[in-house]
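Listed in order, the protein sequences are those of chains H and B. Using the numbering used here, read the first sequence as starting at 242 and increasing by one per residue. Using the numbering used here, read the second sequence as starting at 6 and increasing by one per residue. Worksheet: the structure to be examined is printed underneath.
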Amino acid sequence: MAERAAAVRYCCAVVSTALLLLATVVCVNLVVDPFGTYRIVSVDGLNSRKSAVYHRVRLVKAYEVRRLRPRAIVLGTSRSHVGLRPSHEGWDSAARPVYNLAFDGATTKEMYYYLLHAHAVQPLRQVILGLDTYHATTAPATARPDFDPWLLESGAVPVLPSLVRADMKILTSLDTLRSSLTTVESQSDRQPAWFAPDGQRLGDVFFHRPGERFEEIGPRAYFEEVDRLEIGFKLEGKRAASAQVPSRSGPQPASGDGTSLDYIRRIVAYCRAEGIDLRLFISPEHAHQLEISAAIGEWATIENAKRGLVELLTDDAAHHAGAAPIPLWDFSGYSSITTESLPEPGSRAEMRFYWDSSHFKDNVGDFILDRLFGVTDPRRAVPADFGVRLTADTIETALARVREDQLAYRRRNPVSVTWIRSLVDVSGQDSVHGLDRRATMAAP
Amino acid sequence: MLFNSYAFLLGFMPTALLLFHGLRHVGLVRSSIALLAIASLVFYGWWNPIYLLLIVPLILINFALAACIVPRDGRRPRAARPLLVLGIALNLATLGYFKYANFFVDNLNAVTGLEVALGRVVLPIGISFFTFQKIAFLVDAYRGKVDRLNFVDYLLFVTFFPQLIAGPIVHHSEVIRQFRDRTPVSGQCITLGITILAIGLAKKVLLADTAAQYASPLFDAVAAGARPDALAAWSSALAYTAQLYFDFSGYSDMAIGCGLLFGIRLPINFASPYKAENIIDFWHRWHMTLSRFLRDYLYVPLGGNRKGRTRRYVNLLVTMLLGGFWHGAGWTFLIWGALHGFYLVANHLWRGLWQHGAGRESTTALGRGLSQALTFMAVVIAWVFFRSADLSTAGRMLLGMAGFAGSEPFAAGSLTNSAQAFGVSVVLLAIAWVAPNTQELTGYVGPGGVQGANEPPRATRLTWKPSPAWAVVVGCLFGTALMLMSKVSEFIYFQF
């Protein structure tokens, strides 16, 4: 009996020590609250500045939605995150507050679950869905490693156990403790906050931070650097897809999870079923991005993606004949916006519409929202060639028009196009990671 | 349910322990064994309840077959042999279909140009492990080595959740005797159990998952077509070497720890394998229960070393080749197995040379150190095949390790990352080389008093005892591991 009693004492000591350690960490994380998820105390010099939020945007936005209870949201990737203003006057006045729920590298699966989450927290009235052409493909639906469905409400599972689990996971995590310590240490940093309370990433602040590459090397060089990175990403993705790298993390369950395009279909169906005003757009990447895609051999994929979206929405409209069709606007052609010239080499002049070839500024975002909401503002006339409404009747004409514009762009910008093609050729022959970062575009 | 999940550690285990010891406390010993069997089925069904539709019928059929072939009054039933063959064929066919069908169809299509479509066969988790255990039981039932058949004992022998998914591969004689033991679970079992469980969890989340951060990205990039330079290739190969050891031995420790909490001693599976001085020694230290199974149920039935030297080497090669194939349906696993087969043959030839008067194997510190280094390198090279997604990936990795990288640096800033990965891997491997292993630290012995490897455990100054100080250390280890579990990762051996 004595031996058993000693064993019980030993086990209790082990468990108590572990629990005490966990409780200490939970308390520290709860008080410092590095991601601003609980907001119990805010003390200058301790935790009022939350620098860790910049690295955990998916997590922070899940909690912000719960706190702010928006009636309208933006879904999309970093392009929408940077470029779309929730304060745009075109949003339905009955749909305030508006929250920019887009985040970097968002996949359609993630967008779907964040849509469900936002609608479970507060019934939504309006959703703007910003897509990139790679979203509307039959590639398997995926989610990023930091996507955690337990953070999200869906209306289907009991909220409390899910929240307790999610909160405990955050509060007991050593990563959160590290973020808490960093938060305390970084209170004296006077870095400006680029994460706006309405969810937008403020480009004017973000890109001009000290040490940011845009600020460091200048807009023109930064633009080229992003082009080179984009080529690397696209080639790597293409190689991985063709190699069909099998997972080594264990047997994969039959997911039946569907494709990336399937999740767009789910978003559309969900908004229909819930009576949410949904509007879609394909984002206006700079013409350089289009040329990169073409040089890599993805042009047909882009066109098929647009056709797939139109087909999806046509089906939806056919099933809801009495209701207004869900609009899809395509801004990804060669327009006066997307073909904006680059600053002179060596100059530090900024572009008017773009931070880099991927991310547009919020003046372009305003044009997009003007088109989507049908707003006419005399202070900012939307260029006539910017954006085309894609329907079953217009899609082929629109695609043909983009091809014509592409030829015209290539005639007008031979240096840019040749530079992009040469980069793709060089990178395609060599290791993805062997991309020569020093290559620059000759002066046009 | 993963061992390194909150659901298991904070939900399933405490519930199962409370119910098990509660039943024991009121004297319902056999009910506690039945409860453990049911809990094990719940544990297995947690992944996907549909898996139960495979494992339960297989258990029923195997038990019925065993009951039909077990000798009665010293006489073997006439139909015993065909029934044994039927049973083995059934188990192997099931394993073959779920694990190898896609591989054979893919290769058939590649060779013949056909387009045979099989669909995607999903591998039920743990099937390789429980298939082995069921076959061993049938064979021993046929040989008359099973003393008393009892369905509940058999059910728990196959499904006992600590070892169901990734071993240790237990022999029925080791555990069924323990299931029937009616003496109370000792306090020592409980204290040792919680300690070894915490050590295993810490190995997994502190060491293996750290190594994985350095191994996985590069192997994945190489699989996607990149060509690594020497430093990058070596650093990720070493990182994977550390990852696999801490991952699998961590899992085995957790299994042993869980078993002890229910009063069941499971066999030791690892005994500091990277300290091995030759490949024969390595296989006495690495995945020891698999080595034992392959020896007793494959190598020996093939003739072992009883039919001359040449046949012995062929048997060794065949055994290791099949051992490789058991790990996965892929050419990389076959080559890994073949490599180890060749290593073992070379090792035996080398030993034979010394035994024929050419001298003695080195016993100097330098000689032993060199042997250890050579063995380790051979193991690392084989792991490259084991980890690589395909043969071309392994080829690019090995070319990189040999210094035949492209002219471009592997990645922007890769030198720093690779150097860091190399440094971290060496530190982790140093733990494997220098630190005492779990049984040396805790004094754990497996069923039958076995402590692992072919050498007595080394004395260590750091010996665990159930003192308050050790309770605090183990509690801190447990708490830290729990804090790291927010990033849950699967154990590598679950895929086999």
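Every residue, glycine too, gets a C-beta built ideally from N, C-alpha and C.
- Task: For residue 165/B, I'd like the list of residues in its chain whose CB is within less than 6 Å of its CB, leaving aside the five on either flank, ordered along the chain.
- Result: 45
Residue-level contact to chain H via CB, residue 481/B, 8 Å cutoff: Using beta-carbon distances, residue 481/B counts as an interface residue toward chain H, with a partner under 8 Å.
Distance between residue 269/H and residue 259/H (C-alpha atoms, nearest Å):
16 Å
Are the beta-carbon atoms belonging to residue 273/H and residue 421/H less than 8 Å from one another?
-> yes
Assuming contact is defined by CB atoms lying nearer than 8 Å, are residue 300/H and residue 357/H in contact in what I supplied? No.
- With DSSP run on the structure shown, which of helix, strand or coil describes residue 129/B? coil
inquiry  = Against chain H, with Cβ distances strictly below 8 Å, would residue 222/B count as a contact?
reply    = no
Q.
Per DSSP, what are the beta-bridge partners of residue 522/H in this structure?
A. 371/H and 570/H
**Request:** Can you have a look at residue 485/H and say buried or exposed, based on whether 16 or more other CB atoms are within 10 angstroms of its CB?
**Result:** Low local confidence applies: a pLDDT of 48 at residue 485/H is under 50, so the model's placement there is unreliable, and no value is given.
Cβ separation of residue 575/H and residue 623/H, assumed to be a contact under 8 Å, to the nearest whole Å: Wrong, their Cβ atoms sit about 16 Å apart, outside the cutoff.
Item checked: Pairwise C-alpha distance: residue 30/B and residue 187/B -> 11 Å
Whether or not the segment 540 to 558 of chain H and the segment 576 to 585 of chain H are in contact is what I'm after, with contact meaning three or more pairs of Cβ atoms, one per stretch, closer than 8 Å; do they touch? Because the criterion of three Cβ pairs below 8 Å is not met, the segment 576 to 585 of chain H and the segment 540 to 558 of chain H do not touch.
- Task: Could you name the residues of the same chain whose beta carbon sits closer than 7 Å to that of residue 248/B, not counting the 5 residues immediately before and after it, in chain order?
- Result: 213, 216, 217 and 220
Counting Cβ pairs closer than 8 Å, one from the segment 79 to 97 of chain B and one from the segment 141 to 155 of chain B, do we hit at least three? yes
Just verifying my parser: in three-state terms, what is the DSSP assignment at residue 9/B? coil
At 9 Å on the CB atoms, spell out the chain H contacts of residue 196/B, in chain order.
247, 248, 251, 252 and 255
First through last residue of the beta strand (DSSP E) which encompasses residue 541/H
Taken as a continuous stretch (DSSP letters only), residue 541/H belongs to no beta strand (DSSP E), being part of the alpha helix (DSSP H) at 540 to 560.
*Output yes or no for whether 8 Å exceeds the beta carbon distance between residue 373/B and residue 282/B.*
yes
Next item on the list: Would you tell me roughly how many angstroms separate the C-alpha atoms of residue 371/H and residue 506/H, rounded to the nearest one?
Entry: Between residue 371/H and residue 506/H, the alpha-carbon positions lie close to 14 Å from each other.
Pick out whichever of 352/B, 431/B and 486/B has its Cα sitting closest to the Cα of residue 5/B.
-> The requested residue 5/B is not part of the displayed model; chain B covers only 6 to 501.
Taking the CB atoms as reference points, tell me whether residue 440/H and residue 327/H lie closer together than 8 Å. yes
Note to self: Against chain H, which members of the segment 225 to 248 of chain B pass a CB distance test of less than 8 Å?
What the structure shows: 225, 226, 228, 229, 230, 231 and 232
ask   = Nearest-angstrom Cα distance between residue 413/H and residue 488/B?
value = 5 Å
- Message: Could you tell me which whole alpha helix (DSSP H) segments of length 4 or greater appear in the segment 259 to 341 of chain H?
- Response: 298 to 309 and 319 to 324
Quick one: using the 10 Å Cβ neighbour count with 16 as the cut-off for buried, is residue 589/H buried or exposed?
exposed
Check this for me: beta carbons of residue 343/H and residue 322/H, under 8 Å apart or not? yes
Determine, using beta carbons only, whether residue 423/H and residue 291/H come nearer to each other than 8 Å. no
* Rounded distance between the beta-carbons of residue 390/B and residue 443/B, thought under 8 Å -> No, residue 443/B and residue 390/B are not in contact; Cβ-Cβ is about 28 Å, not under 8 Å.
- Task: Output yes if chain H places a C-beta closer than 8 Å to the C-beta of residue 477/B; else output no.
- Result: Yes - at least one Cβ of chain H is within 8 Å of the one on residue 477/B.
*asked:* Assuming residue 169/B and residue 205/B are in contact, meaning their beta carbons sit under 8 Å apart, how far apart are those beta carbons, in whole angstroms?
replied: Their Cβ separation, rounded to whole angstroms, is 16 Å, which puts residue 169/B and residue 205/B out of contact at 8 Å.
So if I threshold CB-CB distances at 8 Å, which residues from the segment 260 to 275 of chain H count as touching chain B? 260, 261, 262, 263 and 266
key: Contact between the segment 521 to 531 of chain H and the segment 369 to 383 of chain H (3+ Cβ pairs under 8 Å)   = Per the Cβ contact rule, the segment 521 to 531 of chain H is in contact with the segment 369 to 383 of chain H (3 or more Cβ pairs under 8 Å).
Residue burial classification, residue 253/H (beta-carbon count within 10 angstroms, cutoff 16): exposed
- [ ] List the residues of chain B whose Cβ lies closer than 8 Å to the Cβ of residue 426/H, in chain order.
- [x] What residue 426/H touches in chain B: nothing, since even the nearest Cβ is about 20 Å away.
For chain B, is any of its Cβ atoms less than 8 Å away from the one on residue 466/H? no
- prompt: Taking Cβ-Cβ distances below 8 Å as the criterion, which residues of the segment 304 to 318 of chain B are in contact with chain H?
  reply: none
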